[in-house]
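Okay, so here's the structure we're looking at.
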Amino acid sequence: MATFIKDIGFPRFLMSLLLIVILVTAIVVGIPIGMVLTDLVQRVGMYGVIVLAMVPSIQSGTGPNFAVTIGIVLGLLAATTAIEFNLVGMWAFLFAIAMALPLSIIVGLLYGKLLNACKGAEMTISTYTGFSIVQLMCIAWIVIPFNSQIMRWPIGKGLKTTFTLESTIYKVLDNFLYFKIGEVEIPTGLLLFFFAACLLVYAFTQSKMGTAIQLGGMNNKFAVASGVDIDRGRLVANVISTYLGAVGIIVYSQSFGFIQLYTAPLMMAFPAVAAVLIGGATASRAKVSHVIIGVILFQGVLTSSMPVLNEIIPFGSVAEISRMVIQNGIILYALTKVDGGQ
Amino acid sequence: MADITKSKNKTSIKSILTKNVVTLIFVFLTVAGIMLSELPVFYLVSEMMTRISRNTFLVLSLIIPITAGIGLNFGIIVGAMAGQIALIIALYFGWTGLGGLLLACLVATPIAIFFGYLTGLLFNNTKGQEMIAGLIVGFFANGIYQFLLLIVIGGIIPVKKVPMIKPDGVGLRNTIALDTNFGEVGLKYAFDNVFKVNLFHFFIIIGAVIIIYSLFRLFYSGENQKIQREKTKKTYIFYMILALILIGFSTLIMNSSTGGFLFTGTNSSAIQSLEMLQSIEVPIFTLFLVFLIAVFNIVIMKTKLGQDFKSIGLSQHIARVSGINVDRTRIIAVIMSTVLAAWGQIIFLQNVGTMNTYGSHMQVGLFAVAAILIGGATVKSANIGHGILGIILFHAVFIVSPTAGKQLFGDAQLGEYFRAFVVYGVIGVSLALHAWKNRKGLEELGK
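Just so you know, the sequences run in chain order W and V. If you read the first sequence in this note's numbering, its first letter stands for residue 1, the second for the next number, and so on. If you read the second sequence in this note's numbering, its first letter stands for residue 343, the second for the next number, and so on.
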């Protein structure tokens, strides 16, 4: 038993157990299981791409990308630009993910250079870089000269904190080839997009560049000896990670139905980091499969525990509290497994 | 010879600039902000006085872990939670006034020791990553804290109906007032109101103390420091001159007839502002507590324990070889920091007067760390001077930035976002600079 737990990893074991317990309780308590599954499937697709952003950065040795918020604000910038140009539907979505690419390359390179300059303390530095960029973008959302009626405050300056995507990109992916199995709704396009992204990242990790990046991340000395340019690998990995963050938030927003600006992205990196760790990744090793398993387990526990917990403990926001404890507990557990700086 | 000294001077100026780049940027921001915001002098001075007296304690709680090589303890949030739990207990049992607040400090101590012990254990298991671990442990503990205060209280432990419990009897309200407690005087200002002195009287006293101290050191300095004596002599004379200027300035302002002369082109608003300036009072008892903690920080470094902190901070490996129990000493350092943070939060909240039950503690680590970094501290070294200078600069920018933002862009919100950007940015930049210098140093060693 102990070796079994060790093999699949403690967080993965714990969360699987939790998910099973919650689902069984849900059936016992009498919560419509179809609704829970619908929610689960949708949220896996929603959060998946942002979690995927953790893979390149972990593989390159910079640790979980706590600054994925940089990618997120770039994605928001691209999405708002699409709306400003009065684009709707699939075109708006495609324009947004296309525009996010050059932005991510420029910013990702700068961010990667910063991380290369301060090896060894990447996690703390990336966290605070992410925080400060979100605050800087708060200023941008006020002064940005966009005129779209959807986004601007009717009176006053700047863009709204939250605005609906009803008339633009709401569910453009979700409704693509959408169907129902019994009670469970399947947002086919959303899932297809997520799995396609996973496949692309997987293909990249198998490529020559991807292998070199992993080599650099795993063992610096060996990589240097075999002629791998570690710094360049870290730059490329962080550009990809930033871009995945940008695409991730666009996918998330179209499914969610709203775009949230200003300080909303501030804490978005932490659930994504927790998800990939739950899937079996560590701060120095990650695979695409960890993303898929992690996002299913983490979102599964969160979505299914909410109705169950509210049924059992009717007062207080137990679901939100348990999310905080699980998410941060998992990250702390992963940190204890990082090799010490000594 | 002359050339050598010249080049030496040049490099030293450059190194001073690069070493203190964060502090210098903040000096610039402060000056620019004050000029832009055009806030009344009275408002600035009184706000600064309040903020210095209520925040310094928290910031000084960061020094011991930095010396012990743990880095910036973002985990002081956990200490702040302990302080708030103690305040809630105090309010629940209706303790009031100075005694009530001291009792709250007493109650906070074992809670903070326990929290600090756990945090210390965690830090020992995440060596090299203490700062990010400290940040995350704050979020984690916040979950447990909310569970305790929202669900356990009233949900599991039965409580009597007091105003701070939510109407349905389960959990605590979002905001808890500290100023009233069953109709009696509450805990608000319980420390501040013990003993207050006029600001300029306070300056005169401070000046006098500095002069007496300097004179004492000038005439009774140790015999064995003859080499350094010439230098110290100049320093103390410089201190005395500064103190005299302070006293002179304060006396001028205190005297309303001569004070008016300072505001040339006197109109009624200037005179009014002068009168308000004269009425600012300083909470001596709170400042005395800050003074005690500063002395504690200095004294502890002279003990065996303090020397252990220092040697661990320099190199854990060498410390271990020379027989220091590294893990145990690190835990002690974290416990001390956590307990001080708990007391610091109590001091902070007794001045603010209302407790945001689920929010007051969350920014504590961020603001304290930003302040001490702005004052010139690094991940490896910090002293009381860094803390105090940092508090002054940080809060000056804090006070002026919304108004400066409004004057500059016509929007106060912009100034607030800018301020938040700067707070996070300062931490990011300081840590990055430190890591970069470390790496450069290692590379040079390698060569």
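Glycine included, every Cβ here is placed at the ideal spot set by N, Cα and C.
(message) Just list the residues that DSSP pairs residue 185/W with in beta bridges.
(response) 180/W
(request) Look up residue 333/W in the DSSP assignment and say whether it is helix, strand or coil. (result) helix
(request) With residue 222/W as the anchor, note down where its alpha helix (DSSP H) starts and where it stops. (result) 220-225
(request) Kindly list, in the order they appear in chain W, the residues whose Cβ is closer than 8 Å to that of residue 371/V. (result) Those do not exist, as residue 371/V stays about 15 Å from chain W at its closest Cβ, beyond 8 Å.
(message) Tell me which residues of the segment 150-161 of chain W have at least one Cβ-Cβ distance to chain V shorter than 7 Å, keeping chain order.
(response) 157
(request) Kindly say whether residue 312/W, judged by its beta-carbon, lies nearer than 8 Å to any beta-carbon of chain V. (result) no
(message) Just list the residues that DSSP pairs residue 260/W with in beta bridges.
(response) 162/W
(request) Indicate the three-state DSSP secondary structure (helix, strand or coil) for residue 151/W in the structure shown. (result) coil
(request) Provide the residue span of the alpha helix (DSSP H) that contains residue 519/V, from first to last. (result) Taken as a continuous stretch (DSSP letters only), residue 519/V belongs to no alpha helix (DSSP H), being part of the beta strand (DSSP E) at 517-519.
(message) Give me the residue from 781/V, 472/V, 697/V, 493/V with the minimum Cα distance to residue 337/W.
(response) Ranked by Cα distance from residue 337/W, the first of 781/V, 472/V, 697/V, 493/V is 472/V.
(request) Could you tell me whether the Cβ of residue 208/W comes closer than 8 Å to any Cβ of chain V? (result) no
(request) Give the straight-line distance between the Cα atoms of residue 333/W and residue 424/V, rounded to the nearest whole angstrom. (result) 23 Å
(request) Would you mind working out which of 541/V, 738/V, 582/V sits nearest residue 551/V, comparing C-alpha positions? (result) Measuring from the Cα of residue 551/V, the nearest candidate turns out to be 582/V.
(message) Does any residue of chain W have a CB that is nearer than 8 Å to the CB of residue 411/V?
(response) No, its Cβ sits nowhere closer than 8 Å to a Cβ of chain W.
(message) Alpha carbons only, please: which of 659/V, 439/V, 421/V, 642/V is nearest the one belonging to residue 451/V?
(response) 421/V
(request) Out of 305/W, 226/W, 79/W, point me to the one whose CA is closest to residue 100/W's CA. (result) 79/W
(request) May I ask you to list, following chain order, the residues of the segment 115-128 of chain W that have a beta carbon less than 8 Å from some beta carbon of chain V? (result) 117, 118, 119, 120, 121, 123, 124, 125, 127, 128
(request) Within the same chain, show all residues whose beta-carbon is closer than 7 Å to that of residue 59/W, passing over the 5 residues directly before and after it, in chain order. (result) 205, 213, 214, 217, 237, 286.
(request) Return yes when the Cβ of residue 528/V is within less than 8 Å of the Cβ of residue 512/V, no when it is not. (result) No, Cβ-Cβ distance for residue 512/V and residue 528/V is not below 8 Å.
(message) Using a 10 Å radius around the Cβ and a threshold of 16 neighbouring Cβ atoms, would you call residue 608/V buried or exposed?
(response) Here residue 608/V scores only 49 on pLDDT, less than 50, and its place in the model should not be relied on; the value that follows carries that caveat. By the 10 Å Cβ count, residue 608/V comes out exposed.
(request) Using the DSSP secondary-structure output, state which residues sit across from residue 495/V in a beta bridge. (result) 499/V
(request) Indicate whether the contact test is met: 3 or more Cβ pairs, each with one atom in the segment 64-74 of chain W and one in the segment 41-53 of chain W, closer than 8 Å. (result) yes
(request) Have a look at 284/W, 318/W, 304/W and flag the residue whose alpha-carbon is nearest the alpha-carbon of residue 120/W. (result) 284/W
(request) In the DSSP assignment, find the unbroken beta strand (DSSP E) run with residue 625/V in it and report its ends. (result) Its beta strand (DSSP E) spans residues 623-625.
(message) Give me the chain V residues within the contact set of residue 353/W, using Cβ-Cβ distance strictly less than 8 Å, ordered along the chain.
(response) Nothing about residue 353/W can be read from this structure; chain W reaches only from 1 to 342.
(request) Kindly list the residues whose CB is nearer than 7 Å to the CB of residue 677/V, restricted to its own chain and excluding five residues on each side of it in sequence; keep chain order. (result) 455, 458, 459, 462
(message) Is the separation between the beta-carbon of residue 239/W and that of residue 322/W shorter than 8 Å?
(response) no
(request) Output the distance between the C-alpha atoms of residue 661/V and residue 670/V, rounded to the nearest integer angstrom. (result) 12 Å
(request) Identify whether residue 321/W lies in helix, strand or coil by the three-state DSSP scheme. (result) helix
(request) Jot down the residue ranges of each uninterrupted alpha helix (DSSP H) in the segment 384-445 of chain V, minimum 4 residues, whole runs only, in chain order. (result) 405-409, 418-434
(message) Taking the alpha helix (DSSP H) that residue 129/W belongs to, which residues open and close that run?
(response) 122-143
(message) With the cut-off set at 8 Å, would you say residue 42/W and residue 172/W are in Cβ contact?
(response) no
(message) Let me check understanding here. Comparing Cα to Cα, which of 74/W, 24/W, 170/W, 22/W lies closest to residue 261/W?
(response) 74/W
(message) Just to confirm before moving on: does the CB-CB distance between residue 25/W and residue 308/W stay below 8 Å?
(response) yes
(request) Drop a sphere of 10 angstroms on the beta-carbon of residue 516/V, count the other beta-carbons inside from all chains shown, and report buried for 16 or more, exposed for fewer. (result) With fewer than 16 other Cβ atoms within 10 Å, it is exposed.
(message) With a threshold of 8 Å between beta carbons, is residue 773/V in contact with chain B?
(response) Absent from the structure: chain B. Protein chains present are W and V.
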